[in-house]
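Asks: Residue 11 is where the sequence shown starts when you use my numbering, and the numbers rise one by one after that. Glycine residues also receive a C-beta, built at the ideal position from the N, C-alpha and C atoms. Please read through the structure below; I'll follow up with questions.
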Amino acid sequence: MMIKDRIEEKLAVVFDPAHLEVVNESGNHNVPDGSETHFKVVIVSGKFEGERLINRHRRVNETLADELAGGVHALAIHTYTAADWQKRFGNAPMSPPCRRGDGAQRAQRDTGG
11 MMIKDRIEEK
21 LAVVFDPAHL
31 EVVNESGNHN
41 VPDGSETHFK
51 VVIVSGKFEG
61 ERLINRHRRV
71 NETLADELAG
81 GVHALAIHTY
91 TAADWQKRFG
101 NAPMSPPCRR
111 GDGAQRAQRD
121 TGG
């Protein structure tokens with residue numbers, strides 16, 4: 011099982027998230043192609059209610075202790091309650107941006123370019 015999949019599975023079981031996004035950011039670093047060493051986690055969960063940000067991050071780190079002790083070198087953690095998320099981003103989780111953000115990628119795909 012890929013490290014990304016293990017991270018997703020563990021976080022889903024422990025936090026029962028309303029939204030979970032795990033992004034392998036290894037390609038942005040000086041590591042071999044296909045590496046799974048740098049990740050970003052965005053998680054919205056009711057289990058964070060009443061917890062300070064540092065405690066939320068500690069809980070995520072504890073949940074992923076095996077991965078952090080193994081091959082994961084860096085983990086960017088973004089934790090939100092549903093109210094936090096709505097205040098910052100609105101009613102629904104944001105979709106990831108397109109590569110170019112201007113529709114050019116879709117236009118190229120639609121025209122075969």
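1. To which residues of the same chain is residue 61 closer than 8 Å at the C-beta, ignoring the five residues directly before and after it?
2. Look up residue 31 in the DSSP assignment and say whether it is helix, strand or coil.
3. Buried or exposed for residue 52, going by 16 or more other Cβ atoms inside 10 Å?
4. How about residue 63 and residue 89: are their beta carbons less than 8 Å apart?
5. What are the boundary residues of the alpha helix (DSSP H) that includes residue 14?
6. My output table needs one value for residue 88: the three-state DSSP class, helix, strand or coil.
7. What residue range is occupied by the uninterrupted alpha helix (DSSP H) comprising residue 83?
8. Considering residue 63, what are the terminal residues of the alpha helix (DSSP H) in which it resides?
9. Quick check on the burial criterion: 16 or more other C-beta atoms within 10 angstroms. Buried or exposed for residue 54?
10. Residue 94: which of 75, 49, 29 and 13 sits nearest, CA to CA?
Replies: If we stick to the structure as given:
1. 69
2. strand
3. buried
4. yes
5. 13 to 25
6. strand
7. Taken as a continuous stretch (DSSP letters only), residue 83 belongs to no alpha helix (DSSP H), as it is neither H nor E.
8. 63 to 73
9. buried
10. 29
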